[in-house]
Amino acid sequence: MPRPHQSGIAAQAKPNLSIDAETISNLRELLDQRKKLDDAVNAAPSEIKFIEDELSNLRQQMASLEADIVLVDEAHVPAKQKQIKALGEVLADKELAVRRKKMLLETLEQRAPDLDEKIEIAIGFVRVEAGIAAQSLRSDIAQELRGKLHELQLIYAKVRALHGLVRDERTGDFLKSALIPDLDQCMRIIARNETYEASPNLLDTRNDDTAAVEAQISDAMRPITDVLVLARKHRPYVPLAKRPAPYVRKGAWDGPGGRIDRPEKLEEPPVRAEPYEIKGDSSGFRTRPQAQEMNMAPAIAETAGEVGRFES
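Going by UniProt numbering, the sequence shown opens with residue 1, and the numbers climb by one from there.
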């Protein structure tokens, strides 16, 4: 019988992604070609050495047969020559096989850079597809995460309300440590002396539901919190003899030997002169009456006329 959580996982809908199958198939084919190239290139040196060893052995046999022709009787020469001819054909085939292996190795190594370039381009296309698919899945998972946070948000709100009523190290540390970042906005900042999460904490939300559970915690703690509010006003008893006396002013309002009590109304000093009156307009420009007052020509002329009449 399957476990409950396993059946729940199986019941979830399988993600539906639109992935370009041709892009993935192209990369697989290119990687298979590269594997075949690597296998052929890695095997070529040992194969070439094996054939060259056979060639060396065949050349020794050829030299031995040619030496036999010189030393044996004339009756055995045709047989030896026949063996030399057959051995020469085998030797030629082996030499051709060595040349072909070396040419194949050279050709494969020449094609390797072009194949690597094609693979890099194909990898780039697949990475683009992977980024698109991952972003689509990330959005779906983020939405699923937000949909399953309700109960945890209520628990976080209860702890927040409790810590607001009665300060405690455990609840304070919990509020600082409990963090579920938004998957779509998750960003870890690494500063010089600290690291912190820049995305909002999905647990730290405020809505009608969290307000309701916070009110429940407040109501449950109200008998204690009300007494604590009254207790904050408590001060240790101080005997009357030790309590501070009212402030007494020791100075005088009228100078040494004057009145100590504050006068009901401050007396203004008597006016010793007429208040100063500004006669100009402080603008720097003379008005028409001021200009006429400053013009002495009419007064001089009038004075000169009076003097002439007096002399006559």
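Yeah, the Cβ is synthetic: ideal placement off N, Cα and C, and Gly gets one too.
No experiment lies behind these values; they were computed from the predicted model shown.
| message | Using only the alpha-carbon positions, how far apart do LEU183 and VAL229 sit? | response | Taking the straight line from one Cα to the other gives about 42 Å.
| Just how far apart, CA to CA, sit LYS148 and LYS36? | Their backbone Cα atoms lie some 49 Å apart in a straight line.
| request: Tell me the start and end of each unbroken alpha helix (DSSP H) in the stretch 144-172 that is at least 4 residues and wholly inside, in chain order. | output: For the stretch 144-172, whole alpha helix (DSSP H) runs of length 4 or above, ordered along the chain, are 150-165.
| task | Report yes or no: do the stretch 41-59 and the stretch 94-109 share at least 3 C-beta pairs separated by less than 8 Å? | result | Between the stretch 41-59 and the stretch 94-109 there are three or more C-beta pairs closer than 8 Å, enough to call the two in contact.
| Is GLU47 near the ligand NAP, judged by its Cβ being under 6 Å from some heavy atom? | Although the ligand NAP was asked about, the structure shown includes no ligands whatsoever.
| field | Backbone secondary structure at ILE224 - three-state DSSP | value | In the three-state DSSP reduction, ILE224 falls in the helix class (H, G or I).
| In three-state terms, what does DSSP make of ILE180? | Reduced to three states, the DSSP call for ILE180 is coil.
| said: Going by DSSP in three states, ILE48 sits in which element: helix, strand or coil? | reply: Helix at ILE48.
| Ends of the beta strand (DSSP E) at THR205? | Taken as a continuous stretch (DSSP letters only), THR205 belongs to no beta strand (DSSP E), as it is neither H nor E.
| said: Taking a contact to mean a Cβ-Cβ separation below 7 Å, would you say CYS186 touches SER199 in this structure? | reply: Against a cut-off of 7 Å, the Cβ pair of SER199 and CYS186 comes out as a contact.
| request: Could you check how far apart the C-beta atoms of ILE119 and ARG34 are, in whole angstroms? I think they sit under 8 Å. | output: At roughly 6 Å, the Cβ-Cβ gap stays under 8 Å, so ILE119 and ARG34 are in contact.
| field | Exposure label - THR107; buried when at least 16 CB within 10 Å | value | Classification for THR107: exposed.
| Using 8 Å as the Cβ pair cut-off and three pairs as the minimum, do the stretch 143-163 and the stretch 67-84 touch? | No contact exists between the stretch 143-163 and the stretch 67-84.
| field | Cβ-based neighbour list, ALA112, same chain, cut-off 7 Å, excluding 5 preceding and 5 following | value | Answer for ALA112: LEU37, listed in chain order.
| message | Using a 10 Å radius around the Cβ and a threshold of 16 neighbouring Cβ atoms, would you call GLU29 buried or exposed? | response | That one is exposed.
| query | What are the start and end residues of the beta strand (DSSP E) that includes GLU194? | reply | Here GLU194 belongs to no beta strand (DSSP E), and DSSP marks it neither H nor E.
| request: Using the Cα positions of ARG99 and ALA43, report the straight-line distance between them to the nearest angstrom. | output: So the two alpha carbons sit approximately 15 Å from each other.
| said: Going by DSSP in three states, MET1 sits in which element: helix, strand or coil? | reply: With a pLDDT of only 42 at MET1, under the threshold of 50, the placement of this residue in the model should not be trusted; the figure read from the coordinates follows. Note: MET1 maps to coil in three-state DSSP.
| task | Could you have a look at ALA10 and say whether DSSP puts it in helix, strand or coil? | result | Any reading at ALA10 needs caution, since the residue's pLDDT is 47, under 50, leaving its predicted position unreliable; the model's value is listed next. ALA10: helix per DSSP, three-state reduction.
| request: Run the CB neighbour count on LYS101, radius 10 Å, all protein chains shown included, and call it buried at 16 or more, exposed below. | output: By the neighbour-count definition (other C-beta atoms within 10 Å, threshold 16), LYS101 is a buried residue.
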